[in-house]
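A.B. asks:
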Ligand SMILES: [Ca+2]
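Numbering (mature numbering (1 follows the signal peptide of the UniProt record, and there is no 0)), first residue to last: -31 to -1, 1 to 383.
1. Tell me, please, whether the region 304 to 314 touches the region 363 to 373 by the rule of three or more beta-carbon pairs shorter than 8 Å.
2. Short check: CB of residue 296 to CB of residue 269, under 8 Å?
3. Please classify residue 104 as buried or exposed, where buried requires at least 16 neighbouring CB atoms within 10 angstroms.
4. Exposed or buried, residue 137, counting other C-beta atoms within 10 Å across all chains shown (16 or more means buried)?
5. For ligand 3, I want to know if residue 315 counts as a neighbour, meaning its beta carbon is within less than 7 Å of at least one of the ligand's heavy atoms.
6. With DSSP as the reference, please indicate the residues paired to residue 311 in a beta bridge.
7. Is the closest heavy atom of ligand 1 to the C-beta of residue 312 under 7 Å?
8. Beta-carbon within less than 7 Å of residue 349's beta-carbon, same chain only, minus the 5 sequence neighbours each way: which residues are those?
9. With distance defined between alpha-carbon atoms, name the residue in 234, 88, 66, 376 nearest to residue 208.
10. Pull up the distance between the alpha-carbon of residue 326 and that of residue 340, whole angstroms please.
11. Do you know offhand how far residue 330's Cα is from residue 232's?
12. Which residues does DSSP pair with residue 369 in a beta bridge?
13. Taking the CB atoms as reference points, tell me whether residue 199 and residue 163 lie closer together than 8 Å.
14. Between 244, 167, 85, 203, which lies nearest to residue 282 when the distance is taken from Cα to Cα?
15. Per DSSP, which one or two residues make a beta bridge with residue 306?
16. What do you get for residue 171, buried or exposed, if any count of 16 or more other CB atoms within 10 angstroms of its CB means buried?
17. Could you tell me whether any non-hydrogen atom of ligand 1 is closer than 7 Å to the CB of residue 172?
18. Closest to residue 328 by CA distance: which of 317, 351, 356, 298 is it?
19. For the alpha helix (DSSP H) that residue 355 lies in, which residues bound it at each end?
20. Is it the case that the CB of residue 318 approaches a heavy atom of ligand 1 more closely than 7 Å?
21. Could you check which residue in 354, 35, 225 has the C-alpha nearest to that of residue 458?
22. Count the other C-beta atoms from every protein chain shown that fall within 10 angstroms of the C-beta of residue 87, then say buried if there are 16 or more, exposed otherwise.
23. Determine the direct distance from the alpha carbon of residue 253 to that of residue 144, and round the result to whole angstroms.
24. What are the start and end residues of each continuous alpha helix (DSSP H) run of 4 or more residues lying completely inside the region 313 to 340, in chain order?
25. Excluding the five sequence neighbours on either side, which residues of its own chain have a C-beta within less than 8 Å of the C-beta of residue 218, listed in chain order?
26. Leaving out the 5 sequence neighbours to the left and right, which residues in its chain are closer than 6 Å to residue 211 when beta-carbon positions are compared?
27. When you compare only the Cα positions, how much space is there between residue 239 and residue 112?
28. Have a look at residue 279 and residue 247 and give me their C-alpha separation to the nearest angstrom.
29. Looking only at its own chain, which residues have a Cβ that is under 7 Å from the Cβ of residue 321, when we skip the five neighbours before and after it?
30. Give the single residue among 174, 257, 42 whose Cα lies nearest to the Cα of residue 291.
31. Between the beta-carbon of residue 203 and the beta-carbon of residue 196, is there less than 8 Å?
32. Which of helix, strand or coil does DSSP assign to residue 264?
33. Quick check: what's the CA-CA separation for residue 251 versus residue 284?
34. Measure the CB-CB distance between residue 192 and residue 178 and report whether it falls below 8 Å.
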């Protein structure tokens, strides 16, 4: 706009200048036509304007030449203005064209970009689908395994409930009067309180796993029953056995509920023992064997564990047997584990030091069947019974309980 209006102004300047100059030369100040003499200069009258001194024909020619020069200058300026304007216009056009091209390029690229975005989206969706499928497959497999496991557990429970003996098959010959291995009778399924109850039903029952119901314990309990008639007639509920080096360095809750394999090395569980022994008086039978193969037994009347509130405090009554009374100094002691030091030994935790839960006393123990013995490779590693084997490790230990008043029926087995 500015450039255009400048152009217009410059076009008007030339003619206007010519007119003004002519008027200035020709028209007197009062507006009447007047021409000065060319050769002589008259004294001006009142009514005639003074003519410029020495203003002759030559002067006029000179003025016209100057004016021409000025007009030429103006022309040049106009030309330049035109040229500048043209340059501006061209620059603007170039700029517009560049912008237009940029937009066109972008517009051309847009479909490609859209396609790339679509491809990425498709790939991401495919990945998500694969992930979902994979997870669902893994979950399915896990569920199938779980179902399989449940079925196995159900089968096992059914077998136990049906009274099918699971272990100790080799003892069958010894238990049968004719020395042959007859299959066990399929006794009616029956939940019982402990192994003495099972034994009471039929003294011909053999040692192995049975399902028993323990008061205060909601589910049935898999229990190893020792029915060996040479052990005061049998009917023993086994609560501890060590015949392998499996660790007994366990926490409170493991000792509370039990751990291990009832057919092999295991701890039945303090809570179950408490629940049984608070019903009526029980007796305890301890079996020991050392590295030399020597076997010893310790029997205790009035065996009882108090409840968890009392830290399963141990009670043992009168001792009898061949191993010596190593539990005497533990009578009245609380149970301790590596995570619960309830012992009477102030300097440290006996359970931690000897790597097993027990009813530790003020000098840790005299008998401790859950300790780990690691000093001499020539000895056993399964706990101590000082009155039998001193500070040498044992090779086999077992603890079993039975109601004190249980009288096994006379068995016809020789
Ligand atoms: Ca302590």
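Every residue gets a Cβ at the ideal spot worked out from N, C-alpha and C, and that includes glycine. All values reported here derive from a predicted model rather than from experimental measurement.
C.D. replies: Considering the structure as presented:
1. The region 304 to 314 makes no contact with the region 363 to 373; the number of CB pairs closer than 8 Å stays below 3.
2. Result yes, Cβ atoms of residue 296 and residue 269 sit closer than 8 Å.
3. Label assigned to residue 104: exposed.
4. In this predicted model, residue 137 has a pLDDT of only 40, less than 50, meaning its place in the structure is not dependable; the value taken from the coordinates is given anyway. When all chains shown are included, residue 137 counts as buried.
5. Absence of ligand 3 from the depicted structure is noted, with ligand 1 being the only ligands included.
6. DSSP, once it has assigned bridges, lists no residue as partnering residue 311.
7. At a cut-off of 7 Å, the beta-carbon of residue 312 counts as near ligand 1: some heavy atom of the ligand is closer than that.
8. Excluding five sequence positions before and after residue 349, the CB atoms of its chain that fall closer than 7 Å to its own CB belong to 259, 260, 342, 362, 363, 364, given in chain order.
9. Taking only the C-alpha atoms, the option nearest residue 208 is 234.
10. Straight across, the Cα-Cα distance linking residue 326 with residue 340 is about 7 Å.
11. CA-to-CA, the gap between residue 330 and residue 232 works out to about 30 Å.
12. DSSP lists 207, 254 as the bridge partner or partners of residue 369.
13. Against a cut-off of 8 Å, the Cβ pair of residue 163 and residue 199 comes out as no contact.
14. Among 244, 167, 85, 203, the Cα nearest to that of residue 282 belongs to 244.
15. Assignment of beta-bridge partners to residue 306 by DSSP yields 309.
16. Exposed is the label assigned to residue 171, since fewer than 16 other Cβ atoms lie within 10 Å of its Cβ.
17. No, ligand 1 has no heavy atom inside 7 Å of this Cβ.
18. The residue among 317, 351, 356, 298 with its C-alpha nearest the C-alpha of residue 328 is 298.
19. Residues 355 to 358.
20. Yes; taking the cut-off as 7 Å, the Cβ of residue 318 has a heavy atom of ligand 1 nearer than that.
21. The displayed coordinates of the chain run from -31 to 383. Any statement about residue 458 would go beyond what the structure contains.
22. Only exposed fits residue 87, as fewer than 16 other CB atoms lie within 10 angstroms of its CB.
23. Note that residue 144 has pLDDT 41, beneath the 50 cutoff, so the model's placement of it is unreliable and the number below is only indicative. Looking at the two C-alpha atoms, the distance is approximately 24 Å.
24. Qualifying alpha helix (DSSP H) stretches, in chain order: 319 to 322.
25. Closer than 8 Å at Cβ, skipping near neighbours: 307, 324, 325, 341.
26. Only 234, 351, 366 meet the Cβ criterion.
27. Looking at the backbone, the Cα of residue 239 and that of residue 112 are separated by about 34 Å.
28. Computed Cα separation, rounded: 13 Å.
29. Only 307 meet the Cβ criterion.
30. Relative to the Cα of residue 291, the nearest Cα in the group 174, 257, 42 belongs to 257.
31. Closer than 8 Å, so yes.
32. Residue 264 falls in the strand class under three-state DSSP.
33. Across the structure, residue 251 and residue 284 are spaced so that their CA atoms are roughly 10 Å apart.
34. Yes; because the gap between Cβ atoms is below 8 Å, this pair is in contact.
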